[in-house]
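S.K.: Here the numbering used here runs 18 ahead of the position in the sequence shown, where the first position is 1. Attaching a single structure in structure tokens format; questions to follow.
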Amino acid sequence: MSDSKQHPDKECGGSFIESVAELLPEGGNLNMCLTCGACSAGCPATGLEDMDPRKFLRLAALGMDEEITTTPWVWMCTMCQRCTYVCPMQINIPQLVYQARQAWPREDRPKGIINSCDVALRNPGHSAMGASSEDFKFVVEDVLEEVQSEQEGMEKLKVPFDELGKTYYLNQNSREPVTEPDEMVPLWKIMNIGTGEDWTYGSNGWAAENYCMFAADDESWEKIVRTKVKAVEDLGAKIWLNTE
Ligand code: SF4
Ligand code: SF4
19 MSDSKQHPDK ECGGSFIESV AELLPEGGNL NMCLTCGACS AGCPATGLED
69 MDPRKFLRLA ALGMDEEITT TPWVWMCTMC QRCTYVCPMQ INIPQLVYQA
119 RQAWPREDRP KGIINSCDVA LRNPGHSAMG ASSEDFKFVV EDVLEEVQSE
169 QEGMEKLKVP FDELGKTYYL NQNSREPVTE PDEMVPLWKI MNIGTGEDWT
219 YGSNGWAAEN YCMFAADDES WEKIVRTKVK AVEDLGAKIW LNTE
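Pasting the structure below:
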């Protein structure tokens, strides 16, 4: 990808930052930067592609829309929000980054993120790894059986699945059942001790990840979130826990 890449739907003439400010309460404080640099100091993407959050915001404030809507740096931001937490003016830089991502035609966005979003849309659990709900349940039962038989004091460990009326509905990142199934076990123990087994996994919308958000694909992001909310409601759970 080149920094000088042109996008047909890019904003021009300094209007980008204004269009983002219109979306945010109080305008996201986007024009209140003190240039203190606190955001850049803690940002994991600082220095990549010769960019950091303070510089990105300055470029936007100066109306350099071509630069901010074409820099590949926006795809290196993890959306961790650390910059907003440390900013004395609570400036919402991730929202600016998100809108800059949307200036990219979908076919030019990073293939890994787009493919993960597309895979998730094709299965009812919305697993970006493509794991079916049956496979998820099978792996959970298999690991549970192993823990019950091999770990002292864990003979009666339970992992509720599709149980009605529990307080918590727990999502699970699908990387664990697919590649590191044993890593689910500490979470089960924490949930059982912390809630008195008052939680459940579900067959629908069970995967915690949502790459459609990172892909800046609003429509698909919303579709996935709606499926997950419905899954929680269908099981009558009161609280949705997403470990992502
Ligand atoms: S949200 Fe993005 S810009 Fe802000 S600290 Fe995290 S990686 Fe950096
Ligand atoms: S932390 Fe906030 S005020 Fe300081 S440079 Fe970053 S955006 Fe500007």
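Backbone N, C-alpha and C fix where the C-beta goes; we use that ideal spot for every residue, glycine too. Nothing here was measured: the structure is a model prediction, and the numbers come from that model.
Under the three-state reduction of DSSP, which class applies to lysine 248: helix, strand or coil?
M.R.: By 1-based counting over the sequence shown, the position of residue 248 is 230. Residue state, collapsed to three classes: helix.
S.K.: Who are tryptophan 206's beta bridge partners in DSSP?
M.R.: The residue you call residue 206 lines up with position 188 of the sequence shown. Tryptophan 206 pairs with nothing; no bridge assigned.
S.K.: If you measure from the CB of valine 104, is any heavy atom of ligand 2 nearer than 7 Å?
M.R.: For the purposes of this step, residue 104 is identified with residue 86 of the sequence shown, where counting begins at 1. At least one heavy atom of ligand 2 is nearer than 7 Å to the Cβ of valine 104, so yes.
S.K.: Identify every residue that forms a DSSP beta bridge with glutamine 117.
M.R.: Translated into the one-based positions of the sequence shown, residue 117 becomes position 99. Per DSSP, none; premise fails for glutamine 117.
S.K.: Out of Thr88, Ile109, Ser33, which one is the CA nearest neighbour of cysteine 54?
M.R.: Along the sequence shown, one-based indexing puts residue 54 at 36. Ranking Thr88, Ile109, Ser33 by Cα distance to cysteine 54 puts Ile109 first.
S.K.: For leucine 77, does the three-state DSSP call read helix, strand or coil?
M.R.: Taking the first residue of the sequence shown as 1, we reach residue 77 at position 59. Helix at leucine 77.
S.K.: To which residues of the same chain is aspartate 153 closer than 6 Å at the C-beta, ignoring the five residues directly before and after it?
M.R.: Within the sequence shown, the letter at position 135 stands for residue 153. There are no such residues.
S.K.: Determine the direct distance from the alpha carbon of glutamate 85 to that of isoleucine 208, and round the result to whole angstroms.
M.R.: Within the sequence shown, numbered from 1, the residue matching residue 208 stands at position 190. Within the sequence shown, numbered from 1, the residue matching residue 85 stands at position 67. Taking C-alpha positions only, isoleucine 208 is separated from glutamate 85 by approximately 46 Å.
S.K.: Relative to ligand 2, is the shortest distance from any of its heavy atoms to the C-beta of proline 71 smaller than 7 Å?
M.R.: Walking along the sequence shown from the start, residue 71 turns up at place 53. Proline 71: yes, Cβ under 7 Å from ligand 2.
S.K.: Report yes or no: do the stretch 130 to 140 and the stretch 60 to 79 share at least 3 C-beta pairs separated by less than 8 Å?
M.R.: Touching, no.
S.K.: Between which two residues does the beta strand (DSSP E) carrying isoleucine 35 extend?
M.R.: Counting from one through the sequence shown, the residue named residue 35 turns up at place 17. No beta strand (DSSP E) contains isoleucine 35, which is instead part of the alpha helix (DSSP H) from 34 to 39.
S.K.: Tyrosine 219 lies in the alpha helix (DSSP H); which residues open and close that run?
M.R.: Counting from 1 along the sequence shown, the entry for residue 219 is found at position 201. Element bounds for tyrosine 219: n/a, residue is neither H nor E.
S.K.: Going by beta carbon distance, what residues of the same chain come within less than 6 Å of serine 22, once the five residues before and after it are set aside?
M.R.: Position 4 of the sequence shown, counting from 1, holds the residue named residue 22. The predicted position of serine 22 is uncertain, since its pLDDT is 41 and thus under 50; no value can be drawn from it.
S.K.: Alpha carbon to alpha carbon, how far is leucine 162 from histidine 144?
M.R.: To locate residue 162, count along the sequence shown from 1; it is residue 144. To locate residue 144, count along the sequence shown from 1; it is residue 126. Each residue's Cα considered, the two are about 23 Å apart.
S.K.: Identify which residue in Trp206, Trp239, Asp236, Ser238 has its Cα closest to the Cα of threonine 282.
M.R.: The first residue shown for the chain is 19 and the last is 262, placing residue 282 beyond what the model contains.
S.K.: Ignore the nearest five residues each way along the sequence and tell me which others in serine 238's own chain have a CB closer than 7 Å to its CB.
M.R.: Within the sequence shown, the letter at position 220 stands for residue 238. Cβ neighbours of serine 238 beyond the five flanking positions: Cys135, Leu139, Cys230.
S.K.: Closest to glycine 159 by C-alpha separation, out of Pro112, Gly212, Val203, Trp217, would be which residue?
M.R.: As a position in the sequence shown, residue 159 is number 141, starting the count at 1. It should be noted that the sequence gives glutamate, not glycine, for residue 159. Among Pro112, Gly212, Val203, Trp217, the Cα nearest to that of glutamate 159 belongs to Val203.
S.K.: DSSP beta-bridge partners for alanine 225?
M.R.: Along the sequence shown, read from residue 1 onward, the residue named residue 225 stands at position 207. Answer is Gln190, bridged to alanine 225.
S.K.: Check whether the Cβ of alanine 63 sits closer than 7 Å to any heavy atom of ligand 1, and report yes or no.
M.R.: For the purposes of this step, residue 63 is taken as the residue at position 45 of the sequence shown. Result yes, Cβ under 7 Å from ligand 1.
S.K.: Give a yes or no on whether the C-beta atoms belonging to serine 37 and serine 151 are separated by under 8 Å.
M.R.: Working through the sequence shown from its first residue, we reach residue 37 at position 19. Working through the sequence shown from its first residue, we reach residue 151 at position 133. No, these two residues do not count as a Cβ contact at 8 Å.
S.K.: Which partner residues of phenylalanine 179 appear in the DSSP bridge assignment?
M.R.: Indexing the sequence shown from 1 puts residue 179 at position 161. Tyr219.
S.K.: What are the start and end residues of each continuous alpha helix (DSSP H) run of 4 or more residues lying completely inside the stretch 83 to 130, in chain order?
M.R.: 83 to 86, 100 to 104, 111 to 120
S.K.: Just to check, is the beta-carbon of valine 115 closer than 7 Å to a non-hydrogen atom of ligand 1?
M.R.: As a working note, residue 115 is residue 97 in the sequence shown. Set against 7 Å, the gap from the CB of valine 115 to the closest heavy atom of ligand 1 is smaller.
S.K.: Are the beta-carbon atoms of leucine 259 and leucine 188 separated by less than 8 Å?
M.R.: Position 241 of the sequence shown holds residue 259. Position 170 of the sequence shown holds residue 188. In contact: leucine 259 and leucine 188 (Cβ atoms closer than 8 Å).
S.K.: Sorted by chain position, which residues of the same chain lie with C-beta nearer than 6 Å to serine 20's C-beta, five sequence neighbours on each side aside?
M.R.: Position 2 of the sequence shown, counted from the start, is the residue given in the question as residue 20. For serine 20, the pLDDT reaches just 39, beneath the cut-off of 50, and the residue's location in the model is therefore unreliable, although a value from the coordinates is still provided. Excluding positions up to five away in sequence, the list is empty.
S.K.: Using the Cα positions of arginine 127 and glutamate 168, report the straight-line distance between them to the nearest angstrom.
M.R.: Mapped onto the sequence shown, residue 127 falls at position 109. Mapped onto the sequence shown, residue 168 falls at position 150. So the two alpha carbons sit approximately 46 Å from each other.
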